[in-house]
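Quick notes on the structure that follows.
Protein chains: 4
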Amino acid sequence: MNAPERFFLPDTQSETDPRNLPIQRVGVKGLRYPMRVVNAAGDDIATIGTFSMTVGLPGDQKGTHMSRFVELLEALPPRLRLEDFAALEAAMRKRLGADSGRLDVAFPYFIRKSAPVSGVASLLDYDARVIVEGKHEHSQRTQLHLTIAATSLCPCSKNISEYGAHNQRSHLTVRVETAGLQLEALAALVEAQASCEVFGLLKRPDEKYVTERAYDNPKFVEDLVRDIALALAAHPQIGHYHVTAENFESIHNHSAFAELWSEPAPNEGI
Amino acid sequence: MNAPERFFLPDTQSETDPRNLPIQRVGVKGLRYPMRVVNAAGDDIATIGTFSMTVGLPGDQKGTHMSRFVELLEALPPRLRLEDFAALEAAMRKRLGADSGRLDVAFPYFIRKSAPVSGVASLLDYDARVIVEGKHEHSQRTQLHLTIAATSLCPCSKNISEYGAHNQRSHLTVRVETAGLQLEALAALVEAQASCEVFGLLKRPDEKYVTERAYDNPKFVEDLVRDIALALAAHPQIGHYHVTAENFESIHNHSAFAELWSEPAPNEGI
Amino acid sequence: MNAPERFFLPDTQSETDPRNLPIQRVGVKGLRYPMRVVNAAGDDIATIGTFSMTVGLPGDQKGTHMSRFVELLEALPPRLRLEDFAALEAAMRKRLGADSGRLDVAFPYFIRKSAPVSGVASLLDYDARVIVEGKHEHSQRTQLHLTIAATSLCPCSKNISEYGAHNQRSHLTVRVETAGLQLEALAALVEAQASCEVFGLLKRPDEKYVTERAYDNPKFVEDLVRDIALALAAHPQIGHYHVTAENFESIHNHSAFAELWSEPAPNEGI
Amino acid sequence: MNAPERFFLPDTQSETDPRNLPIQRVGVKGLRYPMRVVNAAGDDIATIGTFSMTVGLPGDQKGTHMSRFVELLEALPPRLRLEDFAALEAAMRKRLGADSGRLDVAFPYFIRKSAPVSGVASLLDYDARVIVEGKHEHSQRTQLHLTIAATSLCPCSKNISEYGAHNQRSHLTVRVETAGLQLEALAALVEAQASCEVFGLLKRPDEKYVTERAYDNPKFVEDLVRDIALALAAHPQIGHYHVTAENFESIHNHSAFAELWSEPAPNEGI
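Chains as they are written, first to last, in the numbering used here: chain F, 1 to 270; chain X, 1001 to 1270; chain Z, 2001 to 2270; chain Y, 3001 to 3270.
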């Protein structure tokens, strides 16, 4: 830091703002940082976080100090647990002198799975997102988002056809408020409700298994969100939840889609 | 329609569902349809809508009838006014026999603008989105989203530098509940608050003008959302609003971002 | 145009460049313009072109005149046939005083199709792209790209399983050099080689048909590109071709992919 | 592996194909895998590779064995150097019994940079891509792609305006054939030719510096590709090169774009 020079450069952001209009969220967006996330087994997963970091700004302050958000990322520990994001949000609010803060980090996540018959192991990719919102000193809420690829097979197509049934890749998303739930557990809960789960690596005996498993287990998008919702509602570590299912239909060029949430109404943030 | 065959094919969707879990939204997503939207001057704008169409499903019904959503699109009038989307949502609820519905259509929009000095005209592209939510017979709300590209010039950079100031393209987004407001009026209201508006076509005298105009009019993302919020709040046709400003910083590879809304808290939908 | 002022503003682009390094392509990119494209039946399809327009720049010229590309778009006729893009490329080369030019326009395209049993009609969306390259006065080549969604059903899965077979949406792309071929004919040629074609709107008898049709007609990505290549090679209006097939596998979260071209080797451009 | 069962499941892919049409590339696409890449200083960078892995298929073989590609990824060493990708391509050709192969891996990359005045360090993100093509036993070519964000400031705007100059974020891309060149060296070579380089973290004295540096160093897209081309041509470790510059213009909603390559003509692949 070139300290002396700082004294001579005006700090425009710290000026008083005459409009007196508080801003709910201001900060940085779209910032990519490499990180290693610790998985349920205690191993590191190399990934990249895309960060949005914002704080509330009082009505009489002209601007926030954008560089401080990046300084906080630079000080991240080399290995991160999900609870470290809550600590980062608290540190952010303190460093920015703010009453409220919101940390939103999206990152691909990887889980090692074993093929159902051969047992060969491979990684499968998921899209995870952690949102931490803090207000004042003692209140903080954490929301976990996970997008899971899966197979869906159409009950109507199976019922009306003499053989076969159209099936396709689906994206199942869940948003939950939780403390302590692992991504692996959340993924497994959701995958158990699909027509069949998907894998990175399948040998022929596995391919036979997943083909027949999906045919034995047809589900509409409606079935998918209902079954996932029931599983989430029954889980002791999960409070409010929000579920979507999107089938990239193999017989159309658009998706079938369903969305179900525990009341109150959903909110993209928290 | 092959009518006789319909009698022999089971209607899986109409079965009774034992889980008794209502679904807030089910339907189609990601459906692209060409359309011509009538602009403020009464002319047609050729564009493409990306439609999500969903209805609420009672707890005891297994599934909705997906093909009916597409039939509704097929019956759209060739030229559409914004109010036609409200009629489409109402027709959708009726056709699907549903108590609630949600129509979400995103489309590029184009406005002819005149360069500030030379007066040469060209089209500028915007991203518009209309969301109509209906419940029961008489309640319907329409939300208009518009993303506007603009120039932002950094007040801090101007203040601390002997010459020049970093500037960049920004995306300004507004979400408003409104009846009767034209996209042209909404775009103009927002563009007036930027450091400078952008154009498809500029000649050299215009380029001189916009360069100097932006330099004379520096704004942080904080200034942008505040000034737009004040303009929206003062507009007689606009109720609740939500504003964001994202500067694709020319000195970083990430964005500066601000978000401000009239209470109550925002919601991606309505 | 503010003519007098033009005399006093320096034209930096027209200066002599000392580096003497010709530039193969310079111009504008990512420009969205609404357009109506005339289909095979003579009807208008509303769509949006995303334009890249570039010309060659001699080694001794500092820069091109970017605003002229936009002026050319402003002068486009309201209804466009594919051959109008060749005229636009020629006009561009002339207007920019260039020896070579390249027009690249990508646009969603829509074809009305009839469901196979019920006969109900609906639009299906495709992604088209036209690239015109011109050199000197008399040489101009046009390349047509089309991306077609289709159903693929896995022969291996069908062979090894007692019932069912995994299937999924595929994207089939073709790039051809052609004169006079309609997009409708190109789409139909490709769709005939898929396990089954897809539709916007299907009733239950249609869904039964497409399910059974795909099961009767299993294809690997290898089969898809070979069968499409043979059909293209046999077509009298098609010269060199390039084909890809990407299956968004319903049992994985990645794609199976194949690419086949008539020699010489492929080139993203021409 | 469930070995006995393998004997009873037909191997459809290994059947003889009657069409006798060789396929240039077949394999997997869009496969995400976490990886740690070793940087110039010998440290690990956590990132995610998006892999396309393909081989040539003889005309008489029905299909390739898709699961083997994923097995190869599963066997990757935990830390990768750029040269390991060449070994992976060779292993892939061998494992698939193929005469030709192509490995294409795209991944975000991060370089720690020091701010120009304060010296504070931060990571900057880049988009890297390595393509290795092999044919027969002894021939292998490696191509390195790098996308670098930078600041560009318009010479015309500066020349014609009494104060200020529009500037914006640019994406500069280079594709080079090279042996042994580090990504850090390639990035530095390119950044030195921009109006100014960009940084993750800047303090006010740095912001003053980069603002004035860009104003002192105006460049068109034409200047950017020429200056980068000259620097690449002078580098002893670089053979053929391909350069693009795209300015996300702050006064338009489209890009200015230039593309320059050493002959022969470019090819998206190699």
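Ideal placement from N, C-alpha and C gives every residue a C-beta, glycine not left out.
- LYS203/F belongs to the set of residues whose beta carbon lies under 8 Å from a beta carbon in chain Y.
- With its beta carbon less than 8 Å from one in chain X, LEU260/F belongs to the interface.
- Rounded to the nearest whole angstrom, the C-alpha separation of ILE1111/X and ARG1226/X is 25 Å.
- Under the Cβ criterion of 8 Å, ASP125/F is counted among the residues facing chain Y.
- Contact of THR2047/Z with chain X by beta-carbon distance below 7 Å involves PRO1034, ALA1046 and ILE1048.
- For LYS135/F, no chain Z residue has a C-beta closer than 7 Å to its own C-beta; the minimum C-beta separation is roughly 37 Å.
- In this model, ASN39/F and LEU189/F are separated by some 16 Å (Cα to Cα).
- Note that the stretch 3178-3192 of chain Y does not touch the stretch 1140-1151 of chain X; fewer than 3 beta-carbon pairs, one per stretch, sit closer than 8 Å.
- Cβ contact annotation for ALA2214/Z (same chain, cutoff 6 Å, sequence separation greater than five): THR2151, LEU2153, ASN2167, SER2195 and CYS2196, in chain order.
- One finds nothing in chain X with a Cβ atom closer than 7 Å to the Cβ of VAL2210/Z; even the nearest lies about 13 Å away.
- Short of 6 Å from the beta carbon of LYS113/F, and not among the five residues preceding or following it, lie these beta carbons of its own chain, in chain order: LEU124 and PHE199.
- Residues of the stretch 237-261 of chain F with a C-beta atom less than 8 Å from some C-beta of chain Z are PHE248, GLU249, SER250, ILE251, HIS252, ASN253 and HIS254, listed in chain order.
- In the three-state DSSP reduction, PRO2205/Z falls in the helix class (H, G or I).
- Around LEU201/F, the same chain offers ALA115, VAL120 and SER122 as residues with beta carbons nearer than 7 Å, after the five sequence neighbours per side are excluded.
- Residues of the stretch 100-125 of chain F with a C-beta less than 8 Å from any C-beta of chain Y: PRO108, PHE110, VAL117, SER118, GLY119, VAL120, ALA121, SER122, LEU123 and ASP125, listed in chain order.
- Against GLY1164/X, chain Z offers no close residue; the least beta-carbon distance is about 17 Å (beta-carbon pairs closer than 7 Å).
- Within 10 angstroms of the beta-carbon of THR3178/Y lie 16 or more other beta-carbons, which makes it buried.
- Of the candidates GLY3063/Y, GLU3133/Y, TYR3241/Y and GLU3083/Y, the residue whose Cα lies closest to the Cα of THR3173/Y is TYR3241/Y.
- Remark: C-beta atoms of THR3050/Y and PRO34/F do not approach each other more closely than 8 Å.
- For GLU71/F, the nearest CB of chain Y lies under 8 Å from its own CB, placing it at the interface with that chain.
- Put simply, of ASP1206/X, ASP1127/X, LEU1088/X and GLU1133/X the residue whose alpha carbon is nearest the alpha carbon of THR1147/X is ASP1127/X.
- Within chain Y, GLN3168, ARG3169 and SER3250 have C-beta atoms less than 7 Å from the C-beta of GLN1168/X, given in sequence order.
- Taking all protein chains shown into account, ALA1234/X has fewer than 16 neighbouring C-beta atoms within 10 Å of its C-beta and is therefore exposed.
- The beta carbon of THR1151/X sits closer than 8 Å to some beta carbon of chain Y.
- A direct Cα-Cα distance of roughly 33 Å separates PHE3085/Y from SER2052/Z.
- LEU3181/Y sits close to GLN3237/Y, with the two beta carbons spaced by under 8 Å.
- Under a 10 Å Cβ-count criterion, ARG81/F is classified as exposed, with fewer than 16 other Cβ atoms of the shown protein chains found around its own Cβ.
- For PHE1199/X, the nearest beta carbon of chain Y is closer than 8 Å to its own beta carbon.
- Chain-order list of chain Y residues neighbouring SER67/F: LEU3201, LEU3202 and LYS3203, by C-beta distance under 7 Å.
- By DSSP's assignment, ALA256/F forms a beta bridge with ASN247/F and VAL1028/X.
- Remark: C-beta atoms of GLY3101/Y and HIS2254/Z do not approach each other more closely than 8 Å.
- Below the 8 Å Cβ cutoff, chain F contributes GLU207, LYS208 and THR211 as neighbours of SER2157/Z, in chain order.
- Per DSSP, the continuous beta strand (DSSP E) segment holding ASN167/F begins and ends at 167-178.
- Judged by DSSP secondary structure, VAL3221/Y falls outside any beta strand (DSSP E) and instead within the alpha helix (DSSP H) spanning 3221-3233.
- The C-beta distance from MET66/F to ALA1256/X rounds to 6 Å, short enough to fall under 8 Å.
- The continuous stretches of alpha helix (DSSP H) do not include LEU1021/X, and DSSP gives it neither H nor E.
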